[in-house]
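Only one structure is covered here, and it is reproduced in the block below.
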Amino acid sequence: MSKFTRREFLKTTAGAAATTSLGVGSATWMQEALAQTKWTPEKGAKLRVLRWKRFVQGDEDLWMANTKKFTEKTGVEVRVDNEGWEDVRPKAAVAANVGSGPDIIVGWFDDPHQYPDKLVDVSDVANYLGGKYGGWYDVCQKYGKRQGKWIALPLAVIGNAIVYRESHVKAAGFDGIPKDTAGFLKLCQAMKAKGTPSGFALGHAVGDGNNWAHWLLWSHGGKLVDDKGVVVVNSKETIAALEYAKQLYETFVPGTLSWLDPSNNKAFLDGQISLTANGISVYYAAKNSPDPKLQEIAKDIQHARFPIGPVGKPTELMQTTQMFLFKYSKAQQAAKAYMAFMMEAEQYNPWMKASIGYTGQSLKAYAANSVWTDDPKATPFRDVASLMLDHAYSGPLGYASAACLADYIVLDMIAAAASGSKTPAEAAAEAQKRAERYYKV
Amino acid sequence: MQKLLNNRHFLGLLFMLPAGVLLLVFLTYPLGLGTWLGFTDAKLGREGVWVGFDNFIYLIGDGVAQLSLFNTLFYTAFASVAKFVLGLWLALLLNRNLPFKSFFRAVVLLPFIVPTALSAIAFWWLYDAQFSVISWTLTRMGLITQYIDFLGDPWNARFSAVAANIWRGVPFVAICLLAGLQTISPSLYEAAALDGATPWQRFRWVTLPLLTPIIAVVMTFSVLFTFTDFQLIYVLTRGGPLNATHLMATLSFQRAISGGSLGEGAALATLMIPFLLAAILFSYFGLQRRAWQQGGKD
Chain W
0 MSKFTRREFL KTTAGAAATT SLGVGSATWM QEALAQTKWT PEKGAKLRVL
50 RWKRFVQGDE DLWMANTKKF TEKTGVEVRV DNEGWEDVRP KAAVAANVGS
100 GPDIIVGWFD DPHQYPDKLV DVSDVANYLG GKYGGWYDVC QKYGKRQGKW
150 IALPLAVIGN AIVYRESHVK AAGFDGIPKD TAGFLKLCQA MKAKGTPSGF
200 ALGHAVGDGN NWAHWLLWSH GGKLVDDKGV VVVNSKETIA ALEYAKQLYE
250 TFVPGTLSWL DPSNNKAFLD GQISLTANGI SVYYAAKNSP DPKLQEIAKD
300 IQHARFPIGP VGKPTELMQT TQMFLFKYSK AQQAAKAYMA FMMEAEQYNP
350 WMKASIGYTG QSLKAYAANS VWTDDPKATP FRDVASLMLD HAYSGPLGYA
400 SAACLADYIV LDMIAAAASG SKTPAEAAAE AQKRAERYYK V
Chain P
0 MQKLLNNRHF LGLLFMLPAG VLLLVFLTYP LGLGTWLGFT DAKLGREGVW
50 VGFDNFIYLI GDGVAQLSLF NTLFYTAFAS VAKFVLGLWL ALLLNRNLPF
100 KSFFRAVVLL PFIVPTALSA IAFWWLYDAQ FSVISWTLTR MGLITQYIDF
150 LGDPWNARFS AVAANIWRGV PFVAICLLAG LQTISPSLYE AAALDGATPW
200 QRFRWVTLPL LTPIIAVVMT FSVLFTFTDF QLIYVLTRGG PLNATHLMAT
250 LSFQRAISGG SLGEGAALAT LMIPFLLAAI LFSYFGLQRR AWQQGGKD
């Protein structure tokens, strides 16, 4: 886990400032020029980009504006297709399989690790960007690299945090969200007693369910696989996590076993729960609503990081999105130029801002973006990439890690133990069996 | 050439060719490919190698797959029987001379016309743990104190899914059976009435035997549709809670597309075929026996 420290930040920005003040021939200018010439688009190159459909309008608007800028600068025509976020994965896989389709795909998680040999090595772009913008966060390096080579460019992390009603937490006798899991449980119990319960998704909620379930497992030292990819989920650490889940579940509002992704947003905005885990969307839904009741809720909303469990370090899971380039592309230089262009400060910073905090930076220098400070309530989302682990933790990314996540193995285990439909020991044993099937290959 | 075109057999084959090609390309090939994939370890984005019955052996021992088989059988059996009973009842009602007959017949079809994805969302709200209008009404009436956990409790979730499926499926059964009822000549009822048959006897000895061929066809379709249902479950629960509503179709999709295990998902889908074949064979050989239709005994 590496945080982009203030010192590092000063180093890069001060360096940049110094060089620009030197005027002509500055290193930055050189680097700029290098970037421009490094990837010369092929003659008559055209690009097709497939990306997930926006969560906020600003994201798409800026993405398209940046793309247009690229076309104006280079003459390369770019067509951008937007697809529902869950449809990108199968489409990318098919493109890899049949060897034709979009040149660049903006996909999810470990998609690139499913077909690494079909992807273009983008180490040159990644190293250039990493060198220029303070380096990539550790977790982004793990997602983007395979055997030392970059096969994808981590674009962003879709941040997730504890969302809560400040007044209700205060009324329960707490001043903010406790930093440890034991204190967190006490808070949830106190909130339940006050009639302002918490609620976390335990149904097959792709984002909200998986995220907090993995945090819970990891926070107690449990994990699906070890460093070598051997399934070790049936452990005493996992049992401890499941025992904790059971106690936490008792403090939830009824019905969380059926919750899908939108359920906690709805319940929170209706005032039925006062604490949950979500992206920044709940806050913006309330803030931008004309309804005075929701306006009041927005003022009361606060965000905080997930508490730290007995392992003593942050163990969060969030959605990572990456850009990758296929070998079948006839315009690989143009594609690299496009990917680099989109992640340059002139494009990336406004894009991040327009995404109002949904997209956390993958390059450390962008932590300075004012989107995190304009509204203090967005600040807890700033360091998401430095706090998270990859979903394959602590094993290798690949087919098995993707399959286990898609099959909800961890989430089902937690839901079964929390609701009491299985004992923690039974739930852990079942998860072990299910995961072993995938990691066998 | 002229001679060939005058040949009845050749001409027959020639005319059948387009249909044959269509069937081959759009039916046989995908089915064959799906079955073949089930015998490989293909992943999304990677071609597989032949692994024999590996996938099937694993699935038979897999707790979630077993549960999905149970869920599918439960879902199909319960929903199909209910759809048949309600559909037949509705058809008999609509077959009478009601005022605004055409209007009612049109209205009955509504659930069938609405796209399933939309009606499923409506049910998702009806069943919501926090916002269910059903729970709200019952609470207001003082009948319950706590909201019903429609989709959070395994058995509640199963029954809720079945209820939504019945709602959607009844019109299809009703309208088809109504069409069948209209083909029955009124003179048969008159003759039966003259013989002093009670309404039940008229139904049992006139309506039912003459309706059996239609029932066989309708119920075959109904069972097939229910067995392979996907949209409703995917929108309502995604197979949750705790996989209690996972049908073989939804699990197959989850494993093959979301999870990338194309081979395993295909194998799971292939496992549905024997059940579907059994349903078809039962209806054709069991319900379409001529002797029985004509009032004879087995």
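Those protein sequence lines, which keep their order, are chains W and P.
Taking numbering that gives the first Met the number 0, the leading residue of the first sequence gets 0, the next gets one more, and so forth.
Taking numbering that gives the first Met the number 0, the leading residue of the second sequence gets 0, the next gets one more, and so forth.
Backbone N, C-alpha and C define an ideal beta-carbon position, used for all residues, glycine too.
Residues of chain W whose Cβ lies closer than 7 Å to the Cβ of N242 (chain P) are, in chain order, D411. In the DSSP secondary-structure assignment, I161 (chain W) is bridged to W:A276 and W:A303.
Excluding sequence positions up to five before and after V124 (chain W), its CB lies within less than 7 Å of the CB of L152, K335, M338 and A339, all in the same chain and listed in chain order. For R50 (chain W), same chain residues with a beta-carbon under 7 Å away, outside a window of 5 residues either side, are V79, N81 and V105 in chain order. Per DSSP, the unbroken beta strand (DSSP E) holding G359 (chain W) starts and ends at T358 to Q360. The continuous alpha helix (DSSP H) containing M338 (chain W) extends over residues Q331 to M342. In terms of Cβ geometry, S99 (chain W) and Y327 (chain W) form a close pair [threshold 7 Å].
Apart from sequence neighbours up to five positions away, the residues of its chain that approach I300 (chain W) with a beta-carbon distance below 6 Å are Y282, ordered along the chain. Closest by C-alpha distance to I133 (chain P), out of P:D148, P:R95 and P:A119, is P:D148. If only uninterrupted beta strand (DSSP E) runs of at least 3 residues are considered, those enclosed by the region 134-211 of chain W are 152-157 and 160-164. Comparing alpha-carbon positions, the option among W:A266, W:H112, W:L410 and W:P349 lying closest to R145 (chain W) turns out to be W:H112. Beta-bridge partners of M322 (chain W) (DSSP): W:V105 and W:L152. Looking at the DSSP output, T39 (chain P) shares a beta bridge with P:W49. Residue-level contact by beta carbon fails for A268 (chain P) and chain W, as no gap is shorter than 7 Å.
Taking T39 (chain P) as reference, the option from P:W135, P:L72, P:V48 and P:G86 with the minimal CA-CA separation is P:V48. For the region 41-64 of chain P, the set of positions with a beta-carbon nearer than 8 Å to some beta-carbon of chain W reads K42, L43, G44, R45, E46, Y57, D61, G62 and V63 in chain order. By the neighbour-count definition (other C-beta atoms within 10 Å, threshold 16), W124 (chain P) is an exposed residue. Pairwise C-beta distances place the region 219-227 of chain W out of contact with the region 203-211 of chain W, as fewer than three of them are shorter than 8 Å. Across the structure, G397 (chain W) and D109 (chain W) are spaced so that their CA atoms are roughly 6 Å apart. Between I272 (chain W) and D179 (chain W), the gap from beta carbon to beta carbon reaches 7 Å or more. E249 (chain W) and S262 (chain W) have their C-alpha atoms roughly 18 Å apart.
Looking at the DSSP output, M387 (chain W) shares a beta bridge with W:E315.
Under the three-pair Cβ rule at 8 Å, the region 386-394 of chain W does not count as touching the region 175-189 of chain W. Fewer than three Cβ pairs drawn from the region 249-267 of chain P and the region 105-117 of chain P lie within less than 8 Å of each other, which leaves the two stretches out of contact. Proximity of R237 (chain P) to chain W, defined by a Cβ-Cβ separation below 7 Å, is satisfied. Within its own chain, the residues whose Cβ lies closer than 8 Å to the Cβ of R254 (chain P), once the five positions on either side in sequence are excluded, are S260, E263, G264 and L267, listed in chain order. Residue pairing by DSSP puts D80 (chain W) in a beta bridge opposite W:L49. Secondary structure of F251 (chain W) (DSSP, three-state): strand. Residue contact check for G31 (chain P) against chain W: no CB pair falls below 7 Å. The contact set of T195 (chain W) on chain P, defined by CB atoms closer than 8 Å, is empty, because the minimum CB distance reaches about 14 Å.
For Q129 (chain P), the number of other beta carbons within 10 angstroms of its own is at least 16, and it is reported as buried. Per DSSP, the unbroken alpha helix (DSSP H) holding H112 (chain W) starts and ends at D110 to Q113.
Using a 10 angstroms sphere on the CB of K298 (chain W), the tally of other CB atoms stays under 16, which defines it as exposed.
Leaving aside the five residues that flank W149 (chain W) on each side, the residues in its chain whose CB is nearer than 6 Å to its CB run, in chain order, V121, S122, A125 and G143. Using a Cβ distance threshold of 7 Å, L235 (chain P) and S420 (chain W) do not count as a contacting pair. At a cut-off of 7 Å between beta-carbon atoms, I133 (chain P) makes no contact with chain W.
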